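Worksheet: one structure, shown below.
Chains as they are written, first to last, in this note's numbering: chain A, 4 to 203; chain B, 4 to 203.
Printed below as a string of structure tokens:
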């Protein structure tokens with residue numbers, strides 16, 4: 004490239020998932036030729052998000068406050084806690100299910116080969132939250148992948164001596180599936196038909 | 004989303020071509036979870052590129068100087084001028100062909116339906132450059148799409164009364180193809196076998 008700034012931009016764009024050298028070049032040229040204002044706004048949104056977004060002290064979800072909007076909403080039902088893998092799962096459930104309880108976001112799932120164990124997911128914080136805040140039902144909404152199932156079993160196992168109902172979204176989520184790939188109506192049904200976990 | 008900064012980032016990412024709402028969300032979450040340093044570097048590269056990259060005063064290619072590296076290189080052969088559609092085409096030719104002349108980058112091609120006429124491509128500047136700087140051969144390396152051909156015909160038509168050889172890359176580029184999709188070896192051959200245009 005004739006411009007070293009352009010080279011740098013193309014290289015930096017490759018931090019984005021699924022963006023290879025050719026798409027990075029297309030993206031950079033598109034912004035320079037047709038949408039510099041949009042490029043500048045993206046730059047600002049990126050730096051603000053990277054610098055100011057942290058994890059909710061209660062549920063680990065992304066927020067720029069100490070507590071996220073769900074955790075700081077006193078009208079939510081504190082007796083139900085839904086455990087999900089990702090922030091995107093919270094959005095999907097909020098949009099689709101009418102669920103009024105709270106969440107805990109693991110920011111991943113157990114995956115020993117990738118070095119992700121219970122500590123990396125913050126499960127100690129999860130158990131503290133469950134035991135200290137009057138949670139009566141823990142809804143395990145991790146994915147139905149092998150790792151998502153293992154994560155659900157691990158959590159339910161640790162709660163077996165607590166007087167807490169542990170359920171898992173069962174009906175409607177295809178085996179091996181990510182929550183993200185499930186239609187809203189299916190998710191709603193999966194919520195209303197959730198089953199005791201492990202099965203009786 | 005629980006974070007308005009995150010919402011803003013997801014929305015802003017959609018200025019990138021081919022990025023829809025779902026990929027934008029994946030990109031944002033990936034950066035927040037796994038690569039904040041990369042996100043900040045991307046932010047900086049974006050703002051620098053958008054603010055500092057302009058068009059070379061001679062050939063229109065992107066550069067952060069007044070003249071691009073090719074135009075400011077006095078060892079290049081000023082008697083040959085290769086006309087391309089995009090900055091990426093310059094890179095491809097530089098890498099593949101051994102061409103030692105100069106370039107003019109149209110930053111597009113004639114496309115009346117999109118409102119892109121000769122003025123938008125800077126052809127007046129092109130003709131001035133050709134007539135004022137001792138150019139002996141103009142190599143039309145626009146794409147072989149309908150619009151790329153039309154652009155080549157338009158330029159050659161305007162030069163018909165000048166004592167200038169006008170050639171067009173002919174051999175090896177598939178009909179309807181973009182220069183970008185052509186292998187380096189094909190491009191090299193196309194260069195060495197370039198033909199007088201329009202054909203005798």
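Backbone N, C-alpha and C fix where the C-beta goes; we use that ideal spot for every residue, glycine too. This structure is a prediction, so every number in the text was calculated from the model and none was measured.
Annotation: residue 200 of chain A is outside any alpha helix (DSSP H) and is labelled neither H nor E by DSSP. Closer than 7 Å to the CB of residue 24 of chain A there is not a single CB belonging to chain B. Within chain A, the C-beta atoms nearer than 7 Å to that of residue 39 of chain B come from 53, in chain order. Between residue 170 of chain A and residue 197 of chain A, the gap from beta carbon to beta carbon is short of 7 Å.
For the pair residue 60 of chain A and residue 26 of chain A, the Cα-to-Cα distance works out to about 37 Å.
A contact is defined here as three or more CB-CB pairs under 8 Å, and the region 139-150 of chain B meets this definition with respect to the region 75-95 of chain B. Judged by their CB atoms, residue 190 of chain B and residue 100 of chain B are nearer to each other than the 7 Å cut-off. Unbroken beta strand (DSSP E) stretches of 3 residues or longer found wholly inside the region 134-160 of chain B: 140-143, given in chain order. Under DSSP, residue 102 of chain A takes part in no beta bridge, so it has no partner. Taking 7 Å as the CB threshold, residue 168 of chain A stays off the interface with chain B.
At a C-beta separation below 8 Å, residue 200 of chain A has no neighbours in chain B, since its nearest C-beta there lies roughly 26 Å away. With three or more CB-CB distances shorter than 8 Å, the region 7-21 of chain B counts as touching the region 39-52 of chain A. Between the region 95-110 of chain A and the region 57-77 of chain A there are three or more inter-stretch CB-CB distances shorter than 8 Å, so the stretches are counted as touching.
Checking the DSSP bridge columns, you'll see residue 57 of chain A partnered with A/66. Chain A places no beta carbon closer than 7 Å to that of residue 105 of chain B, leaving this residue out of the contacts.
Residue 159 of chain A places its beta carbon less than 7 Å from that of residue 200 of chain A.
The Cβ of residue 195 of chain A sits no closer than 7 Å to any Cβ of chain B. Taken through DSSP and simplified to helix, strand or coil, residue 15 of chain A comes out as helix.
In the DSSP annotation of this structure, the continuous segment of the beta strand (DSSP E) that includes residue 171 of chain A starts and ends at 168-171.
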